[in-house]
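If you count the sequence shown from 1, you need to add 167 to reach the numbering used here. All residues carry an ideal CB built from backbone N, CA and C; glycine is no exception.
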Amino acid sequence: MRIESIILRELEMRLKSPFETSFGVTQKRRILLVEVIADGVTGWGEVTTSEAPFYNYETTDTAWHIISDFITPRLIGKELRAAAEMESLVSGIRGHQMAKAGVENALWDIEARQKNLPLSKLLGGTLKEIACGVSLGIRESPELLVEKVTAEISQGYQRIKLKIKPGKDLDFVAAVRKQFPRIHLSVDANSAYTLGDRDHLRGLDEFGLLMIEQPLQWDDIYVHAKLQKQIETAICLDECISHSRHAEAAIELGACRIINVKLGRVGGHTEARRVHDVCQAHAIPVWCGGMLESGVGRAHNVAMSTLPNFTLPGDVSASQRYWADDIIEPEVVVSGQGTIRVPHAPGIGYSVRRELVEKLTVKKRNWKAEVMVGA
Ligand code: OSB
Ligand code: MG
Numbered sequence: 168m169r170i171e172s173i174i175l176r177e178l179e180m181r182l183k184s185p186f187e188t189s190f191g192v193t194q195k196r197r198i199l200l201v202e203v204i205a206d207g208v209t210g211w212g213e214v215t216t217s218e219a220p221f222y223n224y225e226t227t228d229t230a231w232h233i234i235s236d237f238i239t240p241r242l243i244g245k246e247l248r249a250a251a252e253m254e255s256l257v258s259g260i261r262g263h264q265m266a267k268a269g270v271e272n273a274l275w276d277i278e279a280r281q282k283n284l285p286l287s288k289l290l291g292g293t294l295k296e297i298a299c300g301v302s303l304g305i306r307e308s309p310e311l312l313v314e315k316v317t318a319e320i321s322q323g324y325q326r327i328k329l330k331i332k333p334g335k336d337l338d339f340v341a342a343v344r345k346q347f348p349r350i351h352l353s354v355d356a357n358s359a360y361t362l363g364d365r366d367h368l369r370g371l372d373e374f375g376l377l378m379i380e381q382p383l384q385w386d387d388i389y390v391h392a393k394l395q396k397q398i399e400t401a402i403c404l405d406e407c408i409s410h411s412r413h414a415e416a417a418i419e420l421g422a423c424r425i426i427n428v429k430l431g432r433v434g435g436h437t438e439a440r441r442v443h444d445v446c447q448a449h450a451i452p453v454w455c456g457g458m459l460e461s462g463v464g465r466a467h468n469v470a471m472s473t474l475p476n477f478t479l480p481g482d483v484s485a486s487q488r489y490w491a492d493d494i495i496e497p498e499v500v501v502s503g504q505g506t507i508r509v510p511h512a513p514g515i516g517y518s519v520r521r522e523l524v525e526k527l528t529v530k531k532r533n534w535k536a537e538v539m540v541g542a
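Spelled out as structure tokens, the structure:
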């Protein structure tokens, strides 16, 4: 594929309701979409940065900068044999996985369309439908949280994840567990605790949770290995895992028993598949995390979730939970059994609603390769 043009857009999209984590509240999303054209074929990717550097160090603005000033110049006009080759062209850029992933995933969409395959198949996916859970933001009170869980369970979701932080943890989990003794339940702290909180965190062991996600510092695998030895609940790492070498280190150290794979966090489909493979080789189950994506990022998540070691329900849920009007057609829908059917159409398998995308665009930049002589 010869990369002819790259169009970067910033979209302003408003979540239906605010989402609260231990690091803050989000409602107005600033989403970057990447559109790449190669050999006349268009592919789409989404940059999954947050607006502020509180989940990881990237932001919407750092991604705009890195893509504009460093990734695009390395790609425009280049001839690639496959999407996976992009990695070698941008490996000199340290970190900034989310910026890289937004572009790389657009190339994967192109490669799949060129080969007339659904992206899931091109990645080696085998599942025909994927299991869905939901991630619920922090609420005012345990009662309001139980109300929200009740509504999600009635929609069929197979696993409920509760965001927690100090002061909004044990009582909230206890209330949900009391109401729903048997559901698959997990918690996500987004690095809100330290090892000094070990006794407090051990208080979660009685609730039979599937896992506790990223309780301690975002960049410290070793400290999670210490904690895992002292609590019964399985630790799942999210923020700590930026690539497959991190996954290997975490598994070898005993820092977790489960890993959450996020395309943006690990730099795109190529590295996500490596993380998947490392975990599979060590019998560590994985699941697909979410970053409050628009339909484009969601579609990529669906495709990745078809790989065989995605054996736990992920955070990939219906478009309708996030957006009044999603930017893809059809929207991502979830069945009453809490599953998403994997699309068969080539590429990401959903079409992008261009008119709506243009309407939501607040900033746009376009790069074009020079026309080849004789072309
Ligand atoms: O840690 O999984 C996380 C949202 C923003 C940043 C980090 C996380 C999340 C979620 C939401 O949990 C998942 C989703 O519904 O997209
Ligand atoms: Mg998380």
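Assuming residue i is part of the beta strand (DSSP E), what are its boundary residues?
| i | result |
| --- | --- |
| K530 | T528 to K535 |
| C423 | That residue, C423, is in no beta strand (DSSP E); it is neither H nor E in DSSP. |
| H351 | H351 to D355 |
| K328 | R326 to K330 |
So, is residue i buried or exposed, given that buried needs 16 or more other C-beta atoms within 10 angstroms?
| i | result |
| --- | --- |
| D372 | exposed |
| H449 | exposed |
| V529 | exposed |
| A491 | exposed |
| H367 | exposed |
| H232 | exposed |
| S486 | buried |
Report yes if the C-beta distance between residue i and residue j is below 7 angstroms; otherwise report no.
| i | j | result |
| --- | --- | --- |
| V354 | I320 | no |
| F477 | V500 | no |
| G505 | G375 | no |
| R176 | K531 | yes |
| S358 | T473 | no |
| A266 | I234 | yes |
| W275 | H410 | no |
| E460 | E213 | yes |
| V483 | G457 | yes |
| I277 | V208 | yes |
| L527 | L178 | yes |
| D405 | E438 | no |
Between which residues of its own chain and residue i is the CB-CB distance below 7 angstroms, once the five residues before and five after are set aside?
| i | result |
| --- | --- |
| I243 | I170, I173, W534 and A536 |
| P510 | P285, G516 and Y517 |
| L420 | I388, Y389 and A392 |
| A414 | I408, I426, V442, V445 and C446 |
| I495 | G462, V463, A466, Y517, S518, V519 and R520 |
| E299 | The identity of residue 299 in the sequence shown is Cys, whereas the question assumes Glu. Excluding sequence neighbours, C299 sits near Y324, Q325, P480, G481, V483, S484, V501, G505, T506 and I507. |
| E399 | D372 |
For residue i, I'd like the list of residues in its chain whose CB is within less than 8 angstroms of its CB, leaving aside the five on either flank, ordered along the chain.
| i | result |
| --- | --- |
| K315 | L303 and R306 |
| T226 | T216, S217, E218, A219 and P220 |
Where do the N-terminal and C-terminal ends of the alpha helix (DSSP H) with residue i fall, by residue?
| i | result |
| --- | --- |
| E225 | E225 -> no alpha helix (DSSP H), and no H or E assigned at all. |
| V313 | P309 to S321 |
| K393 | I388 to Q395 |
| F339 | L337 to Q346 |
| A298 | No alpha helix (DSSP H) holds A298; the beta strand (DSSP E) holding it covers E296 to A298. |
| Q194 | From DSSP, Q194 is part of no alpha helix (DSSP H) but of the beta strand (DSSP E) over G191 to A205. |
Given residue i, which residues of its chain have a CB within under 6 angstroms of its CB, disregarding the five upstream and five downstream residues?
| i | result |
| --- | --- |
| A401 | M378, R424 and I425 |
| G128 | Since the displayed the chain opens at 168 and closes at 542, residue 128 lies outside it and no answer follows. |
Pull every residue with its beta-carbon under 5 angstroms away from any heavy atom of ligand 2, and keep them in chain order. The set of residues with CB atoms less than 5 angstroms from any heavy atom of ligand 2 reads, in chain order, D355, E380 and D405.
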